[in-house]
Amino acid sequence: MKLLLDEWEKWFRTQGSVRNLYWEKSK
7 MKLLLDEWEK
17 WFRTQGSVRN
27 LYWEKSK
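Numbering (the working numbering), first residue to last: 7 to 33.
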């Protein structure tokens with residue numbers, strides 16, 4: 007179960023970084 011949570015955290019972090027990159031570009 008712990009492993010699954012780690013995967014989710016990794017995925018969310020990746021999504022967040024991508025979103026931030028787009029944010030920076032669209033400013």
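The beta-carbon is built from N, C-alpha and C at its ideal position, and this holds for glycine as well.
Residue interval of the alpha helix (DSSP H) (run including residue i)
{"i": "Lys16", "result": "Lys8 to Ser32"}
Within-8 Å CB hit, residue i to chain C
{"i": "Lys33", "result": "This model lacks chain C altogether; it includes just one protein chain."}
Cutoff 6 Å; reference residue i; Cβ partners in own chain excluding five residues on either side
{"i": "Glu13", "result": "none"}
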